[in-house]
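Comments concern the structure below.
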Amino acid sequence: MTFTAIDFETAIGYHPCSVGIVTVENGIIVDEFVTLIQPPNNYYSPYTIQVHGIHPYDTEYAKTFAEIYPEIHKRLYNRVIVAHNESFDRNVLAKSMANNYLDYSDLNIADRWECTVKIYRGKGFKPTKLSDCCREMNIELNHHEALSDARACAQLYLLK
Numbered sequence: 001m002t003f004t005a006i007d008f009e010t011a012i013g014y015h016p017c018s019v020g021i022v023t024v025e026n027g028i029i030v031d032e033f034v035t036l037i038q039p040p041n042n043y044y045s046p047y048t049i050q051v052h053g054i055h056p057y058d059t060e061y062a063k064t065f066a067e068i069y070p071e072i073h074k075r076l077y078n079r080v081i082v083a084h085n086e087s088f089d090r091n092v093l094a095k096s097m098a099n100n101y102l103d104y105s106d107l108n109i110a111d112r113w114e115c116t117v118k119i120y121r122g123k124g125f126k127p128t129k130l131s132d133c134c135r136e137m138n139i140e141l142n143h144h145e146a147l148s149d150a151r152a153c154a155q156l157y158l159l160k
């Protein structure tokens, strides 16, 4: 099992304020990356702040998506990508890349990623929120912290 799990936290819409990326080689986590990202104009929805606890003052001096993109590219290029509710994280990545004039096809990854929501729904889990799946599978989770979410997603995928 060789893949990369990713999780974005967003400030508003599809504008990320944090990303966690976990690299798995032959079933073993070999790299973890997390960073805050300054969203456009450092603007946040009050709702998203309540969800993840990241505030504008946390990202005031953080790098922008364009500045951290080389780290994302290095970890995602030519990999199988896994996310919990993959369409959300895939859209955050694709839209952030488009907003920064970056070509998604340069990543050489699938148009649809592996999705642990779909996998665990197929196993009969209800509900399939990340926190529920982790509780059921005894996986430690600090929910809505990007690295913890990406690590938990990787562990769920390994247990599929």
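Going by UniProt numbering, the first residue of the sequence shown is number 1, and it counts up by one from there. Quick reminder that beta carbons are idealized off the backbone N, C-alpha and C, glycines included.
So, is residue i buried or exposed, given that buried needs 16 or more other C-beta atoms within 10 angstroms?
| i | result |
| --- | --- |
| residue 83 | buried |
| residue 90 | buried |
| residue 16 | buried |
| residue 87 | exposed |
| residue 79 | buried |
| residue 105 | exposed |
With distances taken between CB atoms, is the gap from residue i to residue j smaller than 7 angstroms?
| i | j | result |
| --- | --- | --- |
| residue 38 | residue 4 | no |
| residue 47 | residue 56 | no |
| residue 19 | residue 146 | yes |
| residue 152 | residue 139 | yes |
Would you tell me roughly how many angstroms separate the C-alpha atoms of residue i and residue j, rounded to the nearest one?
| i | j | result |
| --- | --- | --- |
| residue 225 | residue 41 | In the structure as shown, the chain begins at 1 and stops at 160. Residue 225 is therefore absent and cannot be evaluated. |
| residue 75 | residue 130 | 22 angstroms |
| residue 117 | residue 49 | 24 angstroms |
| residue 141 | residue 148 | 6 angstroms |
| residue 72 | residue 12 | 20 angstroms |
| residue 110 | residue 51 | 29 angstroms |
| residue 160 | residue 70 | 30 angstroms |
| residue 144 | residue 53 | 8 angstroms |
| residue 62 | residue 34 | 12 angstroms |
| residue 36 | residue 124 | 35 angstroms |
| residue 108 | residue 94 | 13 angstroms |
| residue 21 | residue 31 | 8 angstroms |
| residue 77 | residue 6 | 13 angstroms |
| residue 135 | residue 126 | 12 angstroms |
Note down, in chain order, each residue of its chain lying with its Cβ closer than 7 angstroms to the Cβ of residue i, except the 5 sequence neighbours on either side.
| i | result |
| --- | --- |
| residue 27 | 1, 158 |
| residue 113 | 81, 82, 83, 86, 90 |
| residue 208 | As displayed, the chain neither begins before 1 nor continues past 160, which places residue 208 out of reach and without an answer. |
Output needed for residue i: all residues of its chain with C-beta closer than 6 angstroms, excluding positions within five of it in sequence on either side, in chain order.
| i | result |
| --- | --- |
| residue 8 | 16, 19, 89, 92 |
| residue 132 | none |
Note down, in chain order, each residue of its chain lying with its Cβ closer than 8 angstroms to the Cβ of residue i, except the 5 sequence neighbours on either side.
| i | result |
| --- | --- |
| residue 199 | Because the chain spans 1 through 160 in this model, residue 199 falls outside it and cannot be assessed. |
| residue 137 | 155, 156, 159 |
Any 3 or more C-beta pairs closer than 8 angstroms across the segment 57-77 and the segment 97-108: yes
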